[in-house]
Each structure stands twice: as structure tokens, then as C-alpha cells.
Amino acid sequence: MSYEGLPVEPVRTLLAFQRRRREWEFVDVRDCTKLAKVRHSADLTGVIELTVGQVSLLGPSWESDIELLWLSVADLVASYRRDGRAEVSFPDQPADITLEPVPPGLIRITVAGGPYRETAVTGEERLLSALAAGGVEFFEKFAELTGRNFDRGIRKLTGRTASGRTGPSA
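Residues in the sequence shown are numbered consecutively from 1, following my numbering.
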């Protein structure tokens, strides 16, 4: 019997909305009908929630420019599928996410920054599929809310575009 690693919870994206002066709340992107009012797009922040087993790797402590964070995670997944190992930095925090293979068919994910370091091991496809599903959900909803195209991010996560096309001409 093979070990498939720890379970991976569905990956969620939470956007930050200001309720009152200096009081913020996170709202699941799936529940958003509009984006928070911000001066610059880089001010639109949020978090990715990623839990493997009982280990919370990403969550409210890692609030970041949410669009750039998901684009970084898309690069992470694409680089891992291409090179067998990958590392990306958070867009606006001194922290990194690393993916490393652990034979047979497992993957180690590490999130590290400053004194914080969390690591978990799970099935390779289990983690990559969860990241891809969470990213596609974010990019599709973000496209709906902004009217912009995020095919590049979706392609990096899945190998296909939002319209389902694959291949070099997609």
C-alpha cells in the first residue's frame, strides 16, 4: 500500500475589505460581487488559505497583493512541473514558498520567512491539483470582477486557458 501523504484542504482565496477605519475583514472571493475600493491595484490585498493535514501553511498572517501572489503561485506550479523543484518569493513580504520532490510521488512544501517556517509532505498530484483548482477559481472570479484576462495564470496552473484550449497556440 502506497503512502499518499497528508490530506490537502481545498485552497481558498480571501480578499481584504475595510469595514471601518483600521478595521478589516476577509471575504471569500467566491462571495464577492465587487472588489474593495483601493487607490492602486497593488493595494488590493488578500490571503491564500492552504492547509495540508493539520499544518496551516498559508493564511491570514501572509496577507499580500493577491493578484501578484496568485501569479507567483502559478509560476511555482509551472516551474515544479517543468523542473521538478521550484521556489518563489512573496510579492511584498520577505518570505518564500518552496516545492521539492520526495520520492515516491510525494512533494514537500515549505513556507518560510523570518522566524516562521512550516513544512508538510503530501501526494504530489494532490497538492498541485489543489493549488491549480484554487488558482483557477481565483483567476476566473477575478476576471469576472475586473473584466481582465488571466489566461496566462490559468495556463501556468493547468496547461490550458480559461476557454479550455491547450497547446502552444492557446
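Quick reminder that beta carbons are idealized off the backbone N, C-alpha and C, glycines included.
Quick caveat: nothing in here was measured; it's all calculated off a predicted structure.
- The beta carbons of Gly135 and Ala74 sit closer together than 8 angstroms.
- DSSP lists Gly113 as the bridge partner or partners of Tyr116.
- Just so you know, the alpha carbons of Val11 and Leu127 end up roughly 10 angstroms apart.
- By the 16-neighbour rule on beta-carbons within 10 angstroms, Thr45 is buried.
- Boundaries of the beta strand (DSSP E) around Glu23: 23 to 28.
- DSSP links Gln18 through a beta bridge to Trp24.
- 8 angstroms or more divides the Cβ of Phe150 from the Cβ of Thr13.
- The alpha helix (DSSP H) runs lying completely inside the segment 27 to 87 and spanning 4 residues or more are 66 to 83, given in chain order.
- Contact annotation: Phe26 and Leu35 have beta-carbon atoms that are not nearer than 8 angstroms.
- At least 8 angstroms separates the beta-carbon of Val111 from that of Leu157.
- Your pair Leu106 and Gly84 does not check out as a contact, with CB atoms roughly 13 angstroms apart and the cut at 8 angstroms.
- The C-beta of Gly5 has 16 or more other C-beta atoms within 10 Å across all chains shown, which makes the residue buried.
- The beta carbons of Trp62 and Phe90 sit closer together than 8 angstroms.
- Ranked by Cα distance from Glu125, the first of Gly113, Val102, Asp43 is Val102.
- The beta carbon of Glu118 sits closer than 6 angstroms to the beta carbons of Val55, Leu57, Val111 from its chain, once the five residues preceding and following it are set aside; these are given in chain order.
- Annotation: Lys141 to Val29 spans about 7 angstroms, alpha carbon to alpha carbon.
- Glu4 sits in coil when the DSSP states are folded into three classes, being neither helix nor strand.
- Looking at the backbone, the Cα of Thr98 and that of Cys32 are separated by about 30 angstroms.
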